[in-house]
Amino acid sequence: MEALFEFRRRVSDAIADIDDEILKFHEDEFWMIRAPYEFLEYHAEKNRLFNTALALPLARGLHDGSYRKNAMIRNGVAQRPPYVIHCLTVCKMLADMWIPISDEERDILLAAALCHDMIEDIDFTEQGKELVSKYHLAPEVYDTVKLVSKRKDFTLEEEQAFFRGIEENRLALLIKLSDRGHNVTDLYNMSEQKIREYVGETRTYFLPMCEYARAHYPELDDVVEIMQDQLICLTKTVEMLAERHTKRQQKLIAELQELRRENEDLHRLCAEVRRGGITV
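Sequential numbering of the sequence shown, starting at 915, is according to our numbering.
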């Protein structure tokens, strides 16, 4: 294995060649991402994962200024966490599973997990090719990120082709399942309509994706089974919450309509009293 000092030198040299403006981040927000960030930093060093070590500060810097919808509390004050916490969580979920792939593939997998939203969310001038040309990540990282990057204006045929392309690349498939697994846990921040769309997409594409993976990548069966069980459980839970929300909303609407009818009756009664039609 490469000596630690040599590994650190290679990572430092690559980072030093990236524009400082790209790597800037709000240091006062670091406490919200410290645990997963430092875990992955240690994991990358321990296993000499060059692309992963490089992708960490890159993801932190490029996503700086974007935030998740949930909140974290510190000293009684609520703050929205930096968006990169999602990328870190997706990556850490994959690192924790210790997937049976080569070290080279693991490095590509984890680095691409950290960068998986960049092509969709960052205003790149070269459609994300900067990951290789400017930021020194391996071409395989860019290729994997590109596979999991979805346009918002996909036709149905393009959407189906998009998911087929992911199924045919086991690294992209693992990232997409991990991404969905984390996003489903945060659905309570979405509108009811968005929840139903998300649940529908999960049942249409992601659960069949799990079955495809277990049939075509037997070495990943245990890992994918865990992800599949998580998706099924979380999807059912979110769907149940959405149903409860709908019933509660319908009940409140019915109560509001009843109050309006009572209010109209009261107005009519008051009008008749003023006209002298009723003696009180």
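Idealized CB from N, CA, C, for every residue including glycine.
Query: I'd like the span of the beta strand (DSSP E) that includes Gln1041, first residue to last.; Result: Element bounds for Gln1041: n/a, residue is neither H nor E.
Query: By the DSSP assignment, the alpha helix (DSSP H) with Met1011 in it spans what residues?; Result: Val998 to Met1011
Query: Pull up the CB-CB distance for Asp1031 and Cys1001, whole angstroms please, since I reckon it's below 8 Å.; Result: 6 Å
Query: From the DSSP secondary-structure annotation, give me the bridge partner or partners of Met986.; Result: Gln993
Query: May I have the straight-line CA-CA distance separating Arg1094 from Arg923, to the nearest angstrom?; Result: 35 Å
Query: May I have the straight-line CA-CA distance separating Leu1023 from Leu1085, to the nearest angstrom?; Result: 6 Å
Query: Using 8 Å for Cβ pairs, my map puts Leu1051 next to Ala969. What's the rounded Cβ distance?; Result: 6 Å
Query: Use the C-beta contact count for Glu1125: other C-beta atoms within 10 angstroms, 16 or more gives buried, fewer gives exposed.; Result: exposed
Query: List the DSSP bridge partners of Tyr981.; Result: Pro996
Query: Quick one: Cα of Arg1175 to Cα of Asp1100, how far?; Result: 39 Å
Query: Quick one: Cα of Ile1033 to Cα of Leu972, how far?; Result: 13 Å
Query: Three or more C-beta pairs under 8 Å: does that hold for the stretch 978 to 989 against the stretch 1043 to 1063?; Result: no
Query: Hey, could you find the ends of the alpha helix (DSSP H) Thr1058 is sitting in?; Result: Pro1053 to Leu1061
Query: Please classify Ala1075 as buried or exposed, where buried requires at least 16 other C-beta atoms within 10 Å of its C-beta.; Result: exposed
Query: So Phe964 packs on Val998, CB below 8 Å; how close in whole Å?; Result: The Cβ separation is near 20 Å, so there is no contact.
Query: Looking only at its own chain, which residues have a Cβ that is under 8 Å from the Cβ of Val1194, when we skip the five neighbours before and after it?; Result: No answer about Val1194 holds up, because its pLDDT of 49 lies below 50 and its placement is not dependable.
Query: Would you call the CB atoms of Ala1009 and Ile1089 closer than 8 Å?; Result: no
Query: Nearest to Met1007 by CA position, among Phe953, Glu1019, Thr1151 and Asp1135, is which residue?; Result: Phe953
Query: From which residue to which residue does the alpha helix (DSSP H) around Lys1090 run?; Result: Arg1084 to Val1098
Query: Drop a sphere of 10 angstroms on the beta-carbon of Asp931, count the other beta-carbons inside from all chains shown, and report buried for 16 or more, exposed for fewer.; Result: exposed
Query: Please classify Glu916: does DSSP put it in a helix, a strand, or coil?; Result: coil
Query: State buried or exposed for Thr1149, treating a residue as buried only when at least 16 other CB atoms are found within 10 Å of its CB.; Result: buried
Query: How big is the Cα-Cα spacing for Glu1139 and Ser1016?; Result: 20 Å
Query: Pick helix, strand or coil for His940, following the three-state DSSP scheme.; Result: coil
Query: Spatial neighbours of Ser1092 within its chain, please: CB distance less than 6 Å, with the 5 preceding and 5 following residues excluded, ordered by chain position.; Result: Val1004, Met1007 and Leu1008
Query: Is Val1194 helix, strand or coil by DSSP?; Result: Reliability of the predicted coordinates at Val1194 is poor, the pLDDT of 49 falling under 50, and no value is obtained from them.
Query: Would you grab the beta carbon distance between His977 and Pro995 for me? Rounded to a whole angstrom, and I think it's under 8 Å.; Result: Going by Cβ atoms, the distance from His977 to Pro995 rounds to 11 Å, so no, they are not a contact pair.
Query: CA-CA distance, Glu1169 and His1181?; Result: 18 Å
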